[in-house]
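Heads up: the structure comes next, in structure tokens.
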Amino acid sequence: MAALPLSHAATLDAPPSCGEKTLTDDPFVTGDTIVAGAGAPRLPDAPKLTGGSRRTVVPRVVEEAGQTKLVQGEEERYRRESVIGQGGMGEVAKAFDRDIGRTVAVKRMLTEVTSPTLVARFVDEVRTLGRLHHPNIVPIHDVDLDPDGNLFFTMPIVDGVPLDALMERLEKRDPETLAAFPLSRRMDVFAGIVDALGHAHERNVVHRDVKPANVIVGPFGEVVLLDWGIARLDGEERPGSESEDPLVARTSEKTRHGHVVGTPHYMAPEQARGDVSAIGPATDLYAAFVVLYEMLTLTTFVKAETATLALAEVASKVAPAPESAAYVPEGSPIVPAELRHFLRHGLDATPARRYPSAAAVLAELARIRSGDFKIECPVTFSKRASTVYFRFVERSPMLGLALLGSVLALALSSIVLAVILAIR
Ligand SMILES: Nc1ncnc2c1ncn2[C@@H]1O[C@H](COP(=O)(O)OP(=O)(O)O)[C@@H](O)[C@H]1O
Ligand SMILES: [Mg+2]
């Protein structure tokens, strides 16, 4: 079993305010996103945006004495209802849109963590969502200011369970969750994440914070990748000032090349090193493979309990060898050999040796699922050989049976011959 429960990857466990942790925070931080500039108190020059929160514009229609009257409302457009999630950058709440008459999800910045860099990141998240249009990515409806001058944006509420909560149930071997999530469905979840990433990468967006807490799995198997709060657009890095960036200010040998942003336990080695120029689509795909590894083995990939230790562990981390016991989890299906090789390629420490794109990952997964995987060990050789044979039987059943008969006859006569020779 894992040294750490998978549930520790949940940002919902983070403290209610300033949930983001810096590298030097040592309490339990396994699932927290490191955001340059986060954790700082509201700075003296913290932006206070103006513009006023929007009021309803759609009038109330009243039928009175056979006449239609329009009553202009003066209420705030969104009525906040309940908090549905909290991360480091902001809070996500359910709200009722009085104009359109529907419930939406509202993500707003937390007032305690305000700095120009963080507002800029929030703006980036808004613009990133505006650029993306994909069934596995939640779309943005609108952006606005609340009465305190804090930016927020609205989006549809994704119906489903956060993947970290789902993995926690799998890890506890909850029979219902195990039955609902056989390996094939776990692969579907992975494919959904990779599909979303492929779309983002085509539009020059790198997510940089792929982890179970940022994925929601819907009741019909829908997979939605959320939280583009630290995504990088067009290869540009937000500069951030040293004084407001706790990571840069307390830089170490490992981080001096740039900002370390992301969640240590899901970071690729180049991201953990803060090697900004090496971060790209392969970095996101690595994180998706960490998620796949954890979904299949039901153990954490990175075992360290603090951000600092996790960054050190990731730097030299390789996936366990195919024969490792990690792939034979108790009370959960054995991870097939071809998937073990798939994981090992996806989790290569060198970006150039990983799959070159999301499309390549999905193509390889499709090959694996159809039995056309590469031969990489005796197990994959025998599995491929049997696939080839069974396909032959489908095409020519009689010939196939004849072939099987002759092989069996040959094997039987060899045994008989061996016994005779032994008796003599
Ligand atoms: N559109 C949504 N529908 C339902 N739940 C959501 C939605 N957006 C976010 N959440 C929930 O809120 C949590 C925090 O949102 P996220 O965008 O990850 O914020 P942060 O940047 O603070 O981590 C998510 O982990 C998820 O559980
Ligand atoms: Mg998040």
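If you read the sequence shown in the working numbering, its first letter stands for residue 1, the second for the next number, and so on. The beta carbon of each residue, even a glycine, is placed where N, CA and C say it ideally should be. All figures in this text were calculated on a predicted structure; none of them were measured in a lab.
Close-in-space but distant-in-sequence residues of the same chain around residue i (CB under 7 Å, 5 per side omitted)
i    : result
I423 : none
V217 : G160, V161, L163, L166, V189, V223
V335 : L296, T297, Y327
D142 : F153, T154
G331 : R173
R186 : M295, L296
V71  : P59, R60, V62
DSSP three-state assignment for residue i, whether helix, strand or coil
i    : result
I415 : helix
S316 : coil
I230 : coil
E305 : coil
Q67  : strand
Q271 : helix
I368 : helix
V361 : helix
I420 : helix
V260 : coil
R384 : helix
E394 : helix
A489 : Past the boundaries of the shown model lies residue 489; the chain is included only from 1 to 424, so the question cannot be answered.
T50  : coil
T299 : coil
Inter-residue spacing [alpha-carbon to alpha-carbon] between residue i and residue j
i    : j    : result
I230 : E305 : 23 Å
P116 : V206 : 21 Å
F28  : D209 : Bear in mind that the predicted position of F28 carries a pLDDT of just 34, short of 50, making it unreliable; the figure below should be weighed with that in mind. Going from the Cα of F28 to the Cα of D209 covers about 18 Å.
R80  : T154 : 11 Å
E338 : K374 : 8 Å
D372 : L233 : 36 Å
E171 : A325 : 16 Å
L365 : D275 : 29 Å
G405 : R367 : 30 Å
P351 : Y78  : 44 Å
D348 : V419 : 49 Å
T308 : A319 : 20 Å
Y389 : V379 : 15 Å
T68  : P175 : 57 Å
Y293 : L343 : 7 Å
R108 : V261 : 20 Å
T255 : L311 : Its pLDDT being 34, under 50, T255 is placed unreliably in this model, and the coordinates cannot settle the point.
T50  : T177 : 47 Å
Y266 : A272 : 9 Å
R131 : H201 : 11 Å
G235 : A213 : 25 Å
R391 : S184 : 21 Å
E394 : R369 : 18 Å
L151 : S357 : 34 Å
S241 : E168 : Here S241 scores only 42 on pLDDT, less than 50, and its place in the model is too uncertain to base an answer on.
P322 : K303 : 19 Å
V215 : V119 : 23 Å
R354 : V291 : 16 Å
V92  : G101 : 19 Å
H134 : T128 : 12 Å
N204 : P281 : 9 Å
Paired residues, beta bridge with residue i - DSSP
i    : result
K107 : V92, F153
D97  : Y78, R102
D142 : T154
D130 : The amino acid occupying residue 130 in the given sequence is Gly; Asp does not appear at that position. Paired residues: none, contrary to the question.
I216 : P162, V224
R208 : Per DSSP, none; premise fails for R208.
R55  : E76
V194 : Answer is none; V194 lacks a bridge partner.
I137 : L225
G85  : V92
V62  : K69
I334 : Per DSSP, none; premise fails for I334.
I34  : G262
Own chain residues within Cβ distance below 8 Å of residue i, not counting five before or after
i    : result
G73  : R55, T56, V58, P59, R60, R98
L408 : none
L362 : A191, V194, D195, G198
S53  : E76, R77, D144, L145, D146, P147
Sequence-distant residues of the same chain with beta carbon closer than 6 Å to residue i, five excluded per side
i    : result
E376 : H341
H257 : With a pLDDT of 41 at H257, under the threshold of 50, the predicted position of this residue should be treated as unreliable, and no value is reported.
F381 : I375
E125 : W228, G229
Heavy atom of ligand 3 within 6 Å of residue i beta-carbon
i    : result
D284 : With respect to ligand 3, the structure offers nothing, as its ligand set consists of ligand 1 and ligand 2.
Exercise. Do the segment 278-285 and the segment 308-316 meet, that is, are 3 or more Cβ pairs less than 8 Å apart?
Worked result: no
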